[in-house]
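Here the sequence shown is numbered in the working numbering, starting from 3 and rising by one per residue. Each remark here refers to the structure printed beneath this line.
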Amino acid sequence: MLNFLTFKGFLLVTLFLTFSPVYLKSESCYQTKTKSIISGRVTDAATGEPIVNVNLFLANTTFGSSTGKDGRYLIRNVPPGTYDLIVSHISYEFHTVRVKLLAPDSISFNFSLRQRALAGEKVSVTATVPKNWKKDLKKFIKLFIGKSVNSKNCKILNPEVINFKTTENRIFTAFTDSTILVENLSLGYMVSILLKSFEYSGKTKDLKFVIYPKFETIPAQSEIELDKWLKNRNDTYTGSLRHFIKSLAKNRVKEEGFSLSYASRPGKLGLIPIDLTTEKFLEPYDFGVNRFCFDEIINVYHKDKGNSWIKVENPSTLVDFSGNFIPNDGIKTWGAWAQDRIADLLPLDYQPESANPVSSVPFYAAGTPAVDSLEKAVRSKRYDVISGNLIVAALDELVFKNSGHGEVIKQLHKDILDIMNDADLQAWKSLQTNRSRAEFLRRFWLLRDLSFGTKKNERLEEHYKRLQYARTVYSALTPTGYDDRGRIYVKYGKPETKQTDVMPLYKSIDNQKAEIKMAPGKSLETWVYQISGKNIVFNFVDKGWGYSIVYTVDDIVPAIVKEGSEIILGEILRSRADLDVRFAAAYSKYLSGKLSETGGNEEIFRELRRELRGILREQIIEQKQIPIAIGRQFENISELNFAFKPALFEDSHNEPILETAYGFRENDIKFGKSVDGTEQAINIRTVARDRDLRDLSLTEHSVSVKPAGFDESGELISLKQIPIRTNYFYLIATVDNPAGKQKGFKDYTIKFPVYKESRLHLSSVIFAKDISPVEQQRKSSVVSPFVRHNLVIRMDPFTELRASQPVYLYFEIYDLQK
Numbered sequence: 003m004l005n006f007l008t009f010k011g012f013l014l015v016t017l018f019l020t021f022s023p024v025y026l027k028s029e030s031c032y033q034t035k036t037k038s039i040i041s042g043r044v045t046d047a048a049t050g051e052p053i054v055n056v057n058l059f060l061a062n063t064t065f066g067s068s069t070g071k072d073g074r075y076l077i078r079n080v081p082p083g084t085y086d087l088i089v090s091h092i093s094y095e096f097h098t099v100r101v102k103l104l105a106p107d108s109i110s111f112n113f114s115l116r117q118r119a120l121a122g123e124k125v126s127v128t129a130t131v132p133k134n135w136k137k138d139l140k141k142f143i144k145l146f147i148g149k150s151v152n153s154k155n156c157k158i159l160n161p162e163v164i165n166f167k168t169t170e171n172r173i174f175t176a177f178t179d180s181t182i183l184v185e186n187l188s189l190g191y192m193v194s195i196l197l198k199s200f201e202y203s204g205k206t207k208d209l210k211f212v213i214y215p216k217f218e219t220i221p222a223q224s225e226i227e228l229d230k231w232l233k234n235r236n237d238t239y240t241g242s243l244r245h246f247i248k249s250l251a252k253n254r255v256k257e258e259g260f261s262l263s264y265a266s267r268p269g270k271l272g273l274i275p276i277d278l279t280t281e282k283f284l285e286p287y288d289f290g291v292n293r294f295c296f297d298e299i300i301n302v303y304h305k306d307k308g309n310s311w312i313k314v315e316n317p318s319t320l321v322d323f324s325g326n327f328i329p330n331d332g333i334k335t336w337g338a339w340a341q342d343r344i345a346d347l348l349p350l351d352y353q354p355e356s357a358n359p360v361s362s363v364p365f366y367a368a369g370t371p372a373v374d375s376l377e378k379a380v381r382s383k384r385y386d387v388i389s390g391n392l393i394v395a396a397l398d399e400l401v402f403k404n405s406g407h408g409e410v411i412k413q414l415h416k417d418i419l420d421i422m423n424d425a426d427l428q429a430w431k432s433l434q435t436n437r438s439r440a441e442f443l444r445r446f447w448l449l450r451d452l453s454f455g456t457k458k459n460e461r462l463e464e465h466y467k468r469l470q471y472a473r474t475v476y477s478a479l480t481p482t483g484y485d486d487r488g489r490i491y492v493k494y495g496k497p498e499t500k501q502t503d504v505m506p507l508y509k510s511i512d513n514q515k516a517e518i519k520m521a522p523g524k525s526l527e528t529w530v531y532q533i534s535g536k537n538i539v540f541n542f543v544d545k546g547w548g549y550s551i552v553y554t555v556d557d558i559v560p561a562i563v564k565e566g567s568e569i570i571l572g573e574i575l576r577s578r579a580d581l582d583v584r585f586a587a588a589y590s591k592y593l594s595g596k597l598s599e600t601g602g603n604e605e606i607f608r609e610l611r612r613e614l615r616g617i618l619r620e621q622i623i624e625q626k627q628i629p630i631a632i633g634r635q636f637e638n639i640s641e642l643n644f645a646f647k648p649a650l651f652e653d654s655h656n657e658p659i660l661e662t663a664y665g666f667r668e669n670d671i672k673f674g675k676s677v678d679g680t681e682q683a684i685n686i687r688t689v690a691r692d693r694d695l696r697d698l699s700l701t702e703h704s705v706s707v708k709p710a711g712f713d714e715s716g717e718l719i720s721l722k723q724i725p726i727r728t729n730y731f732y733l734i735a736t737v738d739n740p741a742g743k744q745k746g747f748k749d750y751t752i753k754f755p756v757y758k759e760s761r762l763h764l765s766s767v768i769f770a771k772d773i774s775p776v777e778q779q780r781k782s783s784v785v786s787p788f789v790r791h792n793l794v795i796r797m798d799p800f801t802e803l804r805a806s807q808p809v810y811l812y813f814e815i816y817d818l819q820k
């Protein structure tokens, strides 16, 4: 439930939902728990019969359901927390119950409702209306919807259900027996609101209303519209009261753009800045729950929201990591926060982009279960549950079904930044739409698939295992969540050899003060990879925030001679003598210098630094020469360019027939010996999938390739017929040249038009190399001909129309009326 209360024009917003002081150990704990199910049955209290179409939902969230003919309901995927479960039907008494989910569970609530008498007949705007009703409605909309930027595209769809009344002492009230439907086209939500009470005082300007809202995401009509909604949601959240409380609970007030100062009264700018590093506004109360511990009026400024003021009215007010607080009258606000109304409401299960790698806004459309699952896993940072199959399925959905999932696509791109080469990065920057970005990601992983043509992508699977390992073992305060060791591990995997040292303290002598101080040593790690028959060495040093690649000698030892430092440097070289011959050579020089005792410790130290500087310089050059896409180099897979052209026909029974042509150019093929010694062949796999991406048909065949098999143009064309029984489907073609270690893929969306009987329609048009009667067919060992209606058609998948270029066109006419 939301309780809005204003004092002399200042608004108090009270949220008392999704809060449980028991289970909230941390934000990540909240996000990664398994979801619960709420179910039950609703019956008539007098007759015991089931009630149909009862609306049940968790107030101020997107979770809800309605009863069927048997009176049963089911609400799925409810995260742990405390909720108000609302039970509403126009013919029955309103009912609400507090639901507390402390752990993953399946709970049941049965309700027995009593019928109620309606408060009055509905008011119709188009019929005779009470005097001043339209004027009252205009006043109500201004107070209820608000006057923010979002209000311009926010409207009440059924204002006729609302009644108004003004008393002699100028108390303006609104009431209704129905649900108020609010369409918010600024944020992309349809909000169904149960209005429990609404009261505005014309004398004191105080406004109080209590509502139970339910949110539903409006399907976006275009990618542009979806991007606008996502931006508006983030803009609305940024600088809001919930944003402030959440950043306060996470100790990120300054990082989130807020500045605080003490104010003498609401509306008065604060003059004394507040430093939260020395002053505490929250104190621990329970696991993951804090209590406000200040009673002054605080002026809160945010660059996007402006000035607001907040005061804790109840010293026992508690807050959690999600920005929720209890009790409902615990906080008063003034200023910018007091202007927020219905047009600025966001569901409590909304998570902003600034809080998570991927926004938890349910922007995924119905019918994209893989994207749904992936979005939830990434948002909760559960990389341990992300499988290669999930990524493959999600990319299929993003490419074929919905291209508006910008935040998911953005995160998938961030996950591969460490393994993208310069060409990949440039190609990514040139992409303009989410669909093209999803297609890029899909191609990126298909070309790195070790077993092309199967559902499992081993390289993709390995990559996300590496990401999970890097974030767990090499975690650091960086945008990626891991340090340089993690970055190298993600790129190249587990090193062949690893050396770790925790270097001892060494003495630092201050001759002027006659003091001996102990200077701390540094932790050092060395990793060795064998790449292309050569040892590639990476040195890492602990910088406090995490381990960083060593680029200079100063990262390891001091630049000037200090007592014992040459011994430490010698120990570094000794422990790594078995890893690289250069370390061994430098250590030999160290030993010879110590034994000869010529030049003293200072000269030995300087010589060792020169040796180590040269070793590091060579290592850095070798590191830069490693291809970024090292996995692809190891797998030695290159892209196979091929042409693919589908043609869709109808038979005499009006059933679709799909003919496909695959084309290969001799110059694009890498010839080699097949694994089993047989003649080299290219494996072709074609899948037709329905709108749910379920396989409708799968055909697999091979085409023999050898230089003598290509025609006079250096081309080889293979034809295949694929059974299909639907008028809208996706076609995915993959090719694999095992001997040449080449792969490629194409995909199409095909919609077979449905025409009325009174209209004629054509088959798909084919660009053909040649069309001739069957009796004139010339024997060819290159390709089996495509025969249609006693005609031999040699399809040309390579055709690109150019000015004045002659082409053969083939099509068929159906349903030609007499």
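All C-beta atoms, glycine included, are put in the ideal place defined by N, C-alpha and C. Note that the coordinates shown come from a computational prediction; the quantities given were computed from them, not determined experimentally.
Q | Residue from N436, K493, A587 with nearest C-alpha to E409 | A | In the sequence shown, counting from the first residue as 1, residue 409 sits at position 407. Looking at the Cα atoms, N436 is the closest of the given residues.
**Q.** Runs of alpha helix (DSSP H) lying entirely within the segment 433-496, each at least 4 residues, in chain order
**A.** The qualifying runs are 436-448, 460-475, 486-494.
Q: Could you tell me whether the segment 154-173 touches the segment 186-203, using the rule of 3 or more Cβ pairs below 8 Å?
A: The answer is yes - the segment 186-203 touches the segment 154-173, with three or more Cβ pairs under 8 Å.
Q) For W311, which beta-bridge partners are listed by DSSP? A) Numbered from 1 along the sequence shown, position 309 holds the residue referred to as residue 311. N301, W336, per the DSSP bridge assignment.
(Q) Checking the sheet assignment: what are the DSSP bridge partners for M192? (A) In the sequence shown, counting from the first residue as 1, residue 192 sits at position 190. Paired residues: E185, E218.
Q: Could you tell me if T370 is buried or exposed, where buried requires 16 or more neighbouring beta carbons within 10 angstroms of its beta carbon?
A: Translated into positions along the sequence shown, residue 370 becomes position 368. T370 comes out buried.
Q) Do the CB positions of F788 and L721 come within less than 8 Å of each other? A) Residue numbering aside, residue 788 sits at position 786 when the sequence shown is read from its first letter. Residue numbering aside, residue 721 sits at position 719 when the sequence shown is read from its first letter. Yes.
Q) Using the beta-carbon count (16 or more within 10 Å), is F813 buried or exposed? A) Numbered from its first residue, the sequence shown carries residue 813 at position 811. It is exposed - the Cβ of F813 has fewer than 16 other Cβ atoms within 10 Å.
Q: Pick helix, strand or coil for A805, following the three-state DSSP scheme.
A: Residue numbering aside, residue 805 sits at position 803 when the sequence shown is read from its first letter. Secondary structure at A805: coil, using DSSP grouped into helix, strand and coil.
Q | T528 classed as buried or exposed, judged by whether at least 16 other C-beta atoms fall within 10 angstroms | A | Residue 528 sits at position 526 when you count from the first residue of the sequence shown. With 16 or more other Cβ atoms within 10 Å, it is buried.
(Q) Please identify the residue among F644, S699, L660, A251 whose C-alpha is closest to the C-alpha of K2. (A) With the chain represented from 3 up to 820, any question about residue 2 goes unanswered, as that position is not in the structure.
(Q) DSSP three-state label for V552, please. (A) On the sequence shown, position 550 is the one that residue 552 refers to. The answer is coil: DSSP assigns V552 none of H, G, I, E or B.
Q) Under the three-state reduction of DSSP, which class applies to G66: helix, strand or coil? A) Along the sequence shown, one-based indexing puts residue 66 at 64. If DSSP states are grouped into helix, strand and coil, G66 belongs with the strands.
Q. Should R796 be labelled buried (16 or more other beta-carbon atoms within 10 Å of its own) or exposed?
A. Taking the first residue of the sequence shown as 1, we reach residue 796 at position 794. By the 10 Å Cβ count, R796 comes out buried.
Q) Who pairs with A645 in a beta bridge, going by DSSP? A) Within the sequence shown, residue 645 is the residue found at index 643, counting from 1. DSSP output for A645 lists G665 as bridge partner(s).
(Q) What does the Cβ neighbour count give for V809, buried or exposed, with the cut at 16 atoms within 10 Å? (A) Counting from 1 along the sequence shown, the entry for residue 809 is found at position 807. Counting Cβ neighbours within 10 Å, V809 comes out exposed, since fewer than 16 surround it.
Q. Since F177 contacts L197 with CB under 8 Å, what's their CB separation in whole angstroms?
A. The count along the sequence shown starts at 1 and reaches residue 177 at position 175. The count along the sequence shown starts at 1 and reaches residue 197 at position 195. The pair is a contact, with the Cβ atoms about 7 Å apart (cut-off 8 Å).
Q. Is I815 helix, strand or coil when you go by DSSP?
A. For the purposes of this step, residue 815 is taken as residue 813 along the sequence shown, with counting starting at 1. Three-state DSSP puts I815 in a strand.
Q. Along the chain, where does the beta strand (DSSP E) that runs through A690 open and close?
A. Counted from its first residue, the sequence shown places residue 690 at position 688. First-last of the beta strand (DSSP E) with A690: 683-691.
Q: Compare the beta carbon distance of K542 and Y553 with 8 Å and say whether it is the shorter of the two.
A: Locating residue 542 in the sequence shown gives position 540, where the first residue counts as 1. Locating residue 553 in the sequence shown gives position 551, where the first residue counts as 1. In the sequence under discussion, the amino acid at residue 542 is Phe, which differs from the Lys named in the question. No, the Cβ-Cβ distance between F542 and Y553 is not below 8 Å.
Q) At what residues does the alpha helix (DSSP H) containing S249 begin and finish? A) On the sequence shown, residue 249 is found 247 positions in, with the first residue counted as 1. 243-251 is the extent of the alpha helix (DSSP H) around S249.
Q.
Helix, strand or coil, according to DSSP, for G572 in the structure here?
A. Start at 1 with the first residue of the sequence shown, and residue 572 comes out as number 570. Helix at G572.
Q. Where does W547 sit, in a helix, a strand or coil, going by DSSP?
A. The residue you call residue 547 lines up with position 545 of the sequence shown. In this structure, W547 counts as coil in the three-state DSSP scheme.
Q. So V255 packs on L278, CB below 8 Å; how close in whole Å?
A. Start at 1 with the first residue of the sequence shown, and residue 255 comes out as number 253. Start at 1 with the first residue of the sequence shown, and residue 278 comes out as number 276. Rounded to the nearest angstrom, the Cβ distance from V255 to L278 is 6 Å, consistent with a contact under 8 Å.
Q) Given 8 Å as the limit, is there contact between the segment 39-54 and the segment 87-103, that is, 3 or more CB pairs closer than that? A) Flag = yes, the segment 39-54 and the segment 87-103 touch.
Q) Excluding the five sequence neighbours on either side, which residues of its own chain have a C-beta within less than 6 Å of the C-beta of E460, listed in chain order? A) The residue given as residue 460 occupies position 458 in the sequence shown. These residues qualify, in order along the chain: L452.
**Q.** 6 Å Cβ shell around D485 - same chain, five flanking residues per side excluded
**A.** Position 483 of the sequence shown holds residue 485. Y476, A478, G548, Y549, listed in sequence order.
Q.
With a threshold of 8 Å, are at least 3 pairs of Cβ atoms found where one atom belongs to the segment 219-237 and the other to the segment 327-347?
A. Fewer than three beta-carbon pairs drawn from the segment 219-237 and the segment 327-347 are found closer than 8 Å, and the two stretches are therefore not classed as touching.
Q) What three-state label does DSSP hand Q428 in the structure shown? A) One-based indexing of the sequence shown puts residue 428 at position 426. Secondary structure of Q428 (DSSP, three-state): helix.
(Q) Using 8 Å as the cut-off, can you tell me whether the segment 240-248 makes contact with the segment 301-320, which would need three or more C-beta pairs spanning the two stretches below that distance? (A) The segment 240-248 and the segment 301-320 touch, with no fewer than 3 CB-CB distances between them shorter than 8 Å.
Q: Indicate the three-state DSSP secondary structure (helix, strand or coil) for K708 in the structure shown.
A: Along the sequence shown, one-based indexing puts residue 708 at 706. Of the three classes helix, strand and coil, the one that applies to K708 here is coil, per DSSP.
Q. Three-state secondary structure (DSSP) at A735?
A. Here residue 735 is taken as the residue at index 733 of the sequence shown, counted from 1. Of the three classes helix, strand and coil, the one that applies to A735 here is strand, per DSSP.
(Q) Alpha carbons only, please: which of E399, L575, L139, H415 is nearest the one belonging to R696? (A) Counting from 1 along the sequence shown, the entry for residue 696 is found at position 694. The residue with the shortest Cα to Cα distance from R696 is E399.
Q) Count the other CB atoms within 10 Å of the CB of S28; is the residue buried (16 or more) or exposed (fewer)? A) What you label residue 28 is simply residue 26 of the sequence shown in a count that begins at 1. Only weak support is given to the placement of S28: the predicted model assigns it a pLDDT of 32, under 50, and the value that follows is read from those uncertain coordinates. S28 should be labelled exposed.
Q: Count the other CB atoms, across all protein chains shown, that sit within 10 Å of the CB of K205; report buried if there are 16 or more and exposed otherwise.
A: The count along the sequence shown starts at 1 and reaches residue 205 at position 203. That one is exposed.
**Q.** 8 Å Cβ shell around S150 - same chain, five flanking residues per side excluded
**A.** Position 148 of the sequence shown, counted from the start, is the residue given in the question as residue 150. The residues are Q341, D342, R343, A345, D346.
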